[in-house]
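So the sequences go chain by chain: A and B.
Residue numbers for the first sequence follow the working numbering, beginning at 32 and rising by one.
Residue numbers for the second sequence follow the working numbering, beginning at 1074 and rising by one.
A quick write-up on the structure given underneath.
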Amino acid sequence: MNIFRLAGDMTHLLSIIVLLLKIYATKSCSGISLKTQELYALVFLARYLDLFTDFISVYNTIMKVVFIASSLAIVWCMRLHPLVKRSYDKELDTFRHYFLIGGTFVLALVLNEKFTLQEILWAFSIYLEAVAILPQLVLLQRSGNVDNLTGQYVFFLGAYRAFYILNWIYRYLTEPRFTRWIACVSGIVQTGIYADFFYYYFISWKNNSKLKLPA
Amino acid sequence: NANNGIKDEL
């Protein structure tokens, strides 16, 4: 474990806490894409299959449980909670995310470390995570104004993978045979997708103005 | 280490 990876995991945890706070405090999920939340739940379920087979560390196990439980709780909240589900922007959240699931799964069948179910699902979860934010970014562009907590949620979500890139560089330099090409290339693509959001987020922070994404 | 397929990262 290095400082970059710890910072990345904590930033990821923070993004989930900010999202839970927004939903709990405002009893509303307006501006949040249910499709992105469903994709994240799928990412964690596909990636943490080894939760019960490979014990890495207490930290690793606890974080996996927290990520799976929180992503399922958010999906449950947005679909079933009587008060919250009414504020879901159903007509704005129209990204055809099934194409993302199909495309990334086919890619995982072709590009994986080993043609075993666990490795294919791991690669699938890595590719899917890279594109999972797209429905959310599209929804933000459509809904025009972005409330602070939602903006912070997306910002932390993008920042966490940027820390992971620093972690992979650090591990590549310090561990003799560390290569994790699938995660690293996919992580760079994932962080790149946030680039324009980061730009508009920085502008709105600099001008102290409301975050607006061009339609 | 990370090469024997064990995914030690989240």
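Beta carbons are placed, not taken as given, at the ideal position from N, Cα and C, and that holds for glycine.
Per-residue burial, residue i [other beta carbons within 10 Å of its own, 16 or more giving buried]
i: residue 245 (chain A); result: exposed
i: residue 124 (chain A); result: buried
i: residue 34 (chain A); result: exposed
i: residue 236 (chain A); result: exposed
i: residue 198 (chain A); result: buried
i: residue 40 (chain A); result: buried
i: residue 240 (chain A); result: exposed
i: residue 74 (chain A); result: buried
Three-state secondary structure (DSSP) of residue i
i: residue 1080 (chain B); result: coil
i: residue 1074 (chain B); result: At residue 1074 (chain B), the pLDDT of 38 sits below 50, so the modelled position is not reliable; the number obtained from the coordinates is stated separately. Three-state DSSP puts residue 1074 (chain B) in coil, outside helix and strand.
i: residue 237 (chain A); result: helix
i: residue 231 (chain A); result: helix
i: residue 121 (chain A); result: coil
i: residue 116 (chain A); result: helix
i: residue 242 (chain A); result: coil
i: residue 61 (chain A); result: coil
i: residue 135 (chain A); result: helix
i: residue 81 (chain A); result: helix
i: residue 140 (chain A); result: helix
i: residue 130 (chain A); result: helix
First and last residue of the uninterrupted alpha helix (DSSP H) at residue i
i: residue 225 (chain A); result: Run containing residue 225 (chain A): none; DSSP gives neither H nor E here.
i: residue 247 (chain A); result: The question about residue 247 (chain A) has no answer, for chain A in this structure spans 32 to 246.
i: residue 191 (chain A); result: 179 to 205
i: residue 108 (chain A); result: 89 to 111
i: residue 69 (chain A); result: 65 to 78
i: residue 166 (chain A); result: 165 to 174
i: residue 154 (chain A); result: 148 to 162
i: residue 126 (chain A); result: No alpha helix (DSSP H) holds residue 126 (chain A); DSSP gives it neither H nor E.
Near the ligand FMN: residue i beta-carbon under 7 angstroms from a heavy atom
i: residue 206 (chain A); result: Questions concerning the ligand FMN fall outside what the structure shown contains, since it holds no ligand whatsoever.
**Request:** Report yes or no: do the region 39 to 51 of chain A and the region 146 to 153 of chain A share at least 3 C-beta pairs separated by less than 8 angstroms?
**Result:** With a cut-off of 8 angstroms, the region 146 to 153 of chain A and the region 39 to 51 of chain A do not count as touching, because too few Cβ pairs lie within range.
**Message:** Does the contact criterion of 3 or more C-beta pairs under 8 angstroms hold for the region 87 to 94 of chain A versus the region 200 to 219 of chain A?
**Reply:** In this structure the region 87 to 94 of chain A does not lie against the region 200 to 219 of chain A, because fewer than three pairs of beta carbons, one per stretch, are closer than 8 angstroms.
**Request:** Spell out a yes or no on whether the region 52 to 70 of chain A and the region 80 to 88 of chain A are touching, meaning 3 or more CB-CB pairs, one atom from each, closer than 8 angstroms.
**Result:** Not touching, per the Cβ criterion.
**Prompt:** Per the contact definition of three or more C-beta pairs closer than 8 angstroms, is the region 186 to 194 of chain A in contact with the region 213 to 225 of chain A?
**Reply:** Three or more Cβ pairs drawn from the region 213 to 225 of chain A and the region 186 to 194 of chain A lie within less than 8 angstroms of each other, which places the two stretches in contact.
**Request:** Decide yes or no for the touch test of the region 105 to 122 of chain A against the region 54 to 61 of chain A: beta carbon pairs closer than 8 angstroms, at least 3 of them.
**Result:** With the cut-off at 8 angstroms, the region 105 to 122 of chain A and the region 54 to 61 of chain A touch.
**Asked** Would you call the region 147 to 165 of chain A and the region 109 to 123 of chain A touching, i.e. three or more CB-CB distances under 8 angstroms?
**Response** Taking a contact to require three or more Cβ pairs closer than 8 angstroms, the region 147 to 165 of chain A and the region 109 to 123 of chain A do not qualify as touching.
**Message:** Measuring CB atoms only, is the region 154 to 171 of chain A touching the region 121 to 139 of chain A, in the sense that at least three cross pairs come out at less than 8 angstroms?
**Reply:** Three or more Cβ pairs closer than 8 angstroms define a contact, and the region 154 to 171 of chain A meets that threshold against the region 121 to 139 of chain A.
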